[in-house]
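Working notes, structure below.
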Amino acid sequence: MAERGASGSGSSGDSLDKSITLPPDEIFRNLENAKRFAIDIGGSLTKLAYYSTVQHKVARVRSFDYSGKDAEQDHEPPYEISVQEEVTARLHFVKFENTYIEACLDFIKDHLVNTETKVIQATGGGAYKFKDLIEEKLRGVTHVWGPVIWAHSLTQLRLHFQVETEDRFEWIGGSSIGGGTFWGLGALLTKTKKFDELLHLASKGQHANVDMLVQDVYGGAHQTLGLSGNLIASSFGKSATADREFSKEDMAKSLLHMISNDIGQLACLYAKLHCLDRVYFGGFFIRGHPVTMRTITYSINFFSKGEVQALFLRHEGYLGAIGAFLKGAEQDNPNQYSWGENYAGSSGLMSSSPELCPTQRARSGTFDLLEMDRLERPLVNLPLLLDPSSYVPDTVDLTDDALARKYWLTCFEEALDGVVKRAVASQPGSVDAAERAEKFRQKYWSKLQTLRHQPFAYGTLTVRSLLDTREHCLNEFNFPDPYSKVKQKENGVALKCFPRVIRCLDALGWEERQLALVKGLLAGNVFDWGAKAVSDVLESDPQFGFEEAKMKLQERPWLVDSYSKWLQRLKGPPHKCALIFADNSGIDVILGVFPFVRELLSRGTEVILACNSGPALNDVTYCESLIVAEYRGLGEEERLLLMQTGSSSPCLDLSRLDKGLAVLVRERGADLVVIEGMGRAVHTNYYAALRCESLKLAVIKNSWLAERLGGRLFSVIFKYEVPAE
1 MAERGASGSG
11 SSGDSLDKSI
21 TLPPDEIFRN
31 LENAKRFAID
41 IGGSLTKLAY
51 YSTVQHKVAR
61 VRSFDYSGKD
71 AEQDHEPPYE
81 ISVQEEVTAR
91 LHFVKFENTY
101 IEACLDFIKD
111 HLVNTETKVI
121 QATGGGAYKF
131 KDLIEEKLRG
141 VTHVWGPVIW
151 AHSLTQLRLH
161 FQVETEDRFE
171 WIGGSSIGGG
181 TFWGLGALLT
191 KTKKFDELLH
201 LASKGQHANV
211 DMLVQDVYGG
221 AHQTLGLSGN
231 LIASSFGKSA
241 TADREFSKED
251 MAKSLLHMIS
261 NDIGQLACLY
271 AKLHCLDRVY
281 FGGFFIRGHP
291 VTMRTITYSI
301 NFFSKGEVQA
311 LFLRHEGYLG
321 AIGAFLKGAE
331 QDNPNQYSWG
341 ENYAGSSGLM
351 SSSPELCPTQ
361 RARSGTFDLL
371 EMDRLERPLV
381 NLPLLLDPSS
391 YVPDTVDLTD
401 DALARKYWLT
411 CFEEALDGVV
421 KRAVASQPGS
431 VDAAERAEKF
441 RQKYWSKLQT
451 LRHQPFAYGT
461 LTVRSLLDTR
471 EHCLNEFNFP
481 DPYSKVKQKE
491 NGVALKCFPR
501 VIRCLDALGW
511 EERQLALVKG
521 LLAGNVFDWG
531 AKAVSDVLES
541 DPQFGFEEAK
551 MKLQERPWLV
561 DSYSKWLQRL
571 KGPPHKCALI
581 FADNSGIDVI
591 LGVFPFVREL
601 LSRGTEVILA
611 CNSGPALNDV
621 TYCESLIVAE
631 YRGLGEEERL
641 LLMQTGSSSP
651 CLDLSRLDKG
661 LAVLVRERGA
671 DLVVIEGMGR
681 AVHTNYYAAL
691 RCESLKLAVI
701 KNSWLAERLG
711 GRLFSVIFKY
721 EVPAE
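All residue numbers for the sequence shown refer to the working numbering, where the first residue is 1 and numbers rise by one.
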């Protein structure tokens with residue numbers, strides 16, 4: 001693996017505090033609770049992995065004991081809220097130049113408290129070089145299980161593997177042309193010695209000034225040959241005949257295209273030879289650089305005629321450390337768990353280019369951080385996905401859509417004051433709530449600025465990732481559920497309105513009731529504190545309620561309107577089992593979803609109601625749903641099954657659902673999936689293809705998005721889909 005920076009152990013007198021700009025305890029977080037270490041040392045970079053436990057606050061709800069009381073009194077909330085301490089497991093990854101290895105080992109030795117750490121798993125060629133230093137500093141038993149040759153040798157040889165199963169793979173070939181070639185030739189051509197600076201030069205260059213194109217060879221005749229005039233006929237072809245100097249930028253860009261196209265073509269040929277349709281790329285040459293990834297992707301598409309897909313590993317730099325860590329973690333059965341990135345503690349993909357993101361570089365120095373939290377429950381695909389391998393949750397990729405990216409980043413920046421205010425208000429008894437909320441503001445703001453300069457910093461940028469990052473940052477500063485009291489109040493109000501809403505629905509004829517139920521679902525979905533247009537109304541008009549929300553809805557025909565098709569389906573036989581993903585607490589779930597569920601139950605349809613496992617905005621959680629359903633007698637209905645999704649996000653990823661939910665969906669033969677809300681049915685899953693009938697409905701509560709979709713504020717999406725035979 002090609003790596004940049006100087007090698008060596010550094011001077012023993014180096015101070016970690018003096019050599020970097022980020023405080024050491026922000027780099028080696030939760031070190032005092034570390035239980036296991038693994039290290040991957042390359043020629044220039046060290047990747048450290050360690051397992052730790054983290055104590056943080058969680059919000060809990062518990063039903064009141066109403067025995068001997070009148071539960072209908074206005075002053076009685078439906079449940080009580082408490083905040084408790086919880087311990088969870090976390091994987092920490094830190095990447096730094098070998099220059100700092102001695103200072104880092106000193107810091108670890110001085111702060112490591114846990115005595116369970118007996119073995120450090122190590123890999124990479126540098127594991128042998130620094131073996132004595134590691135043993136000397138940490139005074140433990142160090143087990144070096146040998147350099148993983150394929151991971152360590154990518155500077156010299158581009159290696160290609162065919163992977164069939166988790167433990168079955170085959171080396172199928174390679175090439176001497178790769179990242180090291182780009183670095184070496186680039187240094188000769190431009191006199192630039194640093195890898196990242198070469199890439200930065202390439203990003204500003206015009207390769208056509210150096211390369212000979214098809215149109216340069218054939219002129220206008222290229223069209224008769226069916227070739228694009230912009231195709232490269234000869235890399236550096238113009239340099240042999242042009243009597244002029246070429247810029248460093250243009251030469252770097254030409255070289256980048258030459259290497260990337262060669263890699264792409266070779267990978268494509270190997271894939272076709274072995275009947276493969278996906279190629280995963282890793283190595284230092286890639287490292288999340290969009291120019292490199294774009295060129296390789298184009299090359300793969302061109303040479304395979306679109307039949308082979310290029311995929312890139314975002315955290316490939318940690319593969320060696322992860323492998324070493326797993327080598328010593330067999331007793332913990334790591335495959336039993338699912339993991340999710342903690343965006344609050346990860347630094348994202350960094351660049352050393354001073355012009356790309358100076359503020360982020362100044363903050364982080366030369367250290368790169370990644371954190372993964374162990375989730376409480378294993379996550380799997382929804383069994384009803386038509387093709388799990390091609391499923392993409394997110395509707396819009398903000399990495400590619402510059403206009404949408406600019407809007408949404410600005411939108412989240414402008415909403416920050418309101419989120420801070422809500423966080424402080426959620427903990428009135430805390431003396432340091434304002435201080436912690438300000439720290440949250442600074443961290444989230446910093447991440448938004450990073451994303452303005454590097455949209456790919458945390459992988460594919462989407463509205464979902466922006467929302468999840470905000471939730472992670474709130475949790476980082478012990479704001480586990482800023483909307484807990486809002487939800488408690490709104491659930492109480494909605495529960496008192498429930499009998500009246502049911503009486504009104506029952507008084508209607510069948511066909512009229514079906515439309516009223518759908519309008520109730522949509523009106524309930526208006527109550528989304530995550531939408532500024534709604535939160536402004538709710539804060540300024542406390543009397544705004546269910547009936548007022550109905551008046552806000554777009555009149556039919558709706559922006560997307562499949563209601564007539566849905567009504568016709570309801571005149572047929574009942575569904576066997578409906579899976580419903582709920583959105584918001586309060587009016588949404590109680591006055592919108594519950595009556596809809598009640599109607600399906602009356603038709604003989606079993607219902608699985610899936611709610612978030614943890615809090616996000618004012619979304620209803622599984623624990624809250626248990627209480628409010630029991631409160632109105634729905635909890636006694638045997639054919640209503642309340643389940644948790646395994647998620648704590650305002651959006652929905654159908655490829656990462658609670659395993660228990662997935663098993664139940666399969667066992668009960670679910671033949672209808674209902675997804676409601678902007679986050680779950682518009683920002684995600686709008687194009688999700690399922691193997692059964694699906695109903696996606698939402699109210700568009702963002703003017704910019706509504707206009708982009710061809711509608712206006714409070715336009716309605718009602719999308720009923722039936723899979724092809």
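Just so you know, even glycine gets a beta-carbon here, dropped at the ideal spot from N, CA and C.
Small disclaimer: the values here were computed from a predicted structure and weren't measured.
Of the listed residues the options, nearest to residue i (C-alpha basis)
{"i": "Thr295", "options": "Arg278, Tyr318 and Gln265", "result": "Gln265"}
{"i": "Ser347", "options": "Gln449, Ile587, Leu538 and Glu599", "result": "Gln449"}
{"i": "Gly530", "options": "Arg422, Gly340 and Ala457", "result": "Arg422"}
{"i": "Leu403", "options": "Arg708, Asp658 and Gln309", "result": "Arg708"}
{"i": "His274", "options": "Phe169, Leu45 and Gly124", "result": "Phe169"}
{"i": "Ala310", "options": "Asp277, Glu438, Gly323 and Gly592", "result": "Asp277"}
{"i": "Phe581", "options": "Gln543, Lys485, Ile627 and Gly679", "result": "Gly679"}
{"i": "Arg556", "options": "Cys577, Pro542, Val518 and Leu570", "result": "Val518"}
{"i": "Pro723", "options": "Leu385, Ile134, Asn33 and Tyr298", "result": "Leu385"}
{"i": "Gly646", "options": "Gly669, Val628, Gly219 and Arg377", "result": "Arg377"}
{"i": "Arg668", "options": "Arg691, Ala616, Ala578 and Ile717", "result": "Ala578"}
{"i": "Glu32", "options": "Asp40, Lys109 and Ser82", "result": "Lys109"}
{"i": "His257", "options": "Ile286, Tyr270, Gly282 and Arg244", "result": "Ile286"}
{"i": "Ile259", "options": "Gln442, Val501 and Gly186", "result": "Gly186"}
{"i": "Trp558", "options": "Leu409, Thr192, Glu693 and Ser715", "result": "Ser715"}
{"i": "Asp671", "options": "His453, Leu567, Ala321 and Val607", "result": "Val607"}
{"i": "Glu512", "options": "Leu319, Tyr280, Tyr563 and Val424", "result": "Tyr563"}
{"i": "His453", "options": "Phe479, Leu409, Glu476 and Leu474", "result": "Leu409"}
{"i": "Val87", "options": "Val663, Trp171 and Leu375", "result": "Leu375"}
{"i": "Tyr391", "options": "Leu416, Gly124 and Ala689", "result": "Ala689"}
Inter-residue spacing [alpha-carbon to alpha-carbon] between residue i and residue j
{"i": "Val431", "j": "Gln336", "result": "40 Å"}
{"i": "Ser655", "j": "Ala233", "result": "43 Å"}
{"i": "Gly43", "j": "Gly126", "result": "6 Å"}
{"i": "Leu45", "j": "Phe367", "result": "10 Å"}
{"i": "Lys696", "j": "Leu538", "result": "25 Å"}
{"i": "Tyr343", "j": "Ser446", "result": "12 Å"}
{"i": "Ala706", "j": "Leu713", "result": "6 Å"}
{"i": "Leu382", "j": "Glu371", "result": "26 Å"}
{"i": "Asp726", "j": "Leu461", "result": "Past the edges of the chain, shown from 1 to 725, lies residue 726, and the structure says nothing about it."}
{"i": "Arg36", "j": "Tyr128", "result": "20 Å"}
{"i": "Met293", "j": "Tyr631", "result": "54 Å"}
{"i": "Ala122", "j": "Ile41", "result": "8 Å"}
{"i": "Val419", "j": "His315", "result": "30 Å"}
{"i": "Gly179", "j": "Phe130", "result": "25 Å"}
{"i": "Glu624", "j": "Ser648", "result": "14 Å"}
{"i": "Gln644", "j": "Phe527", "result": "21 Å"}
{"i": "Glu80", "j": "Ser52", "result": "32 Å"}
{"i": "Trp339", "j": "Lys576", "result": "33 Å"}
Neighbour flag for residue i against chain C, beta carbons, 7 Å
{"i": "Phe182", "result": "Although the question refers to chain C, the structure presented lacks it and comprises just one protein chain."}
Counted within 10 angstroms of its Cβ, other Cβ atoms place residue i as buried (16 or more) or exposed
{"i": "Pro573", "result": "exposed"}
{"i": "His111", "result": "exposed"}
{"i": "Thr621", "result": "buried"}
{"i": "Ala240", "result": "exposed"}
{"i": "Ala434", "result": "exposed"}
{"i": "Asp468", "result": "buried"}
{"i": "Pro542", "result": "exposed"}
{"i": "Leu154", "result": "Below a pLDDT of 50, predicted positions are generally treated as unreliable, and Leu154, at 30, falls in that range; the measurement from the model is reported next regardless. Buried."}
{"i": "Gln568", "result": "exposed"}
{"i": "Gln360", "result": "Note that Gln360 has pLDDT 39, beneath the 50 cutoff, so the model's placement of it is unreliable and no number is given."}
{"i": "Glu471", "result": "buried"}
{"i": "Trp769", "result": "The displayed coordinates of the chain run from 1 to 725. Any statement about residue 769 would go beyond what the structure contains."}
{"i": "Glu136", "result": "exposed"}
Completely contained alpha helix (DSSP H) runs for the region 578-643, where each covers 4 or more residues:
594-602 and 622-631
Should the region 683-696 be regarded as contacting the region 385-397, the criterion being three or more beta carbon pairs within less than 8 Å?
yes
Inspect the CB distances between the region 457-469 and the region 487-505 and report whether three or more fall short of 8 Å.
no
The region 23-34 touching the region 584-596, judged by at least three CB pairs closer than 8 Å
no
In chain order, which continuous runs of the beta strand (DSSP E) of length 3 or greater are located wholly inside the region 237-287?
278-281
Identify every run of the beta strand (DSSP E) within the region 158-223, keeping only runs that are complete inside it and at least 3 residues long; order them along the chain.
158-165 and 168-175
Could you name each continuous beta strand (DSSP E) segment of 3 residues or more that falls completely within the region 372-450, going from the start of the chain to the end?
none
Does the region 240-253 come within contact of the region 201-209, defined as at least 3 CB pairs closer than 8 Å?
yes
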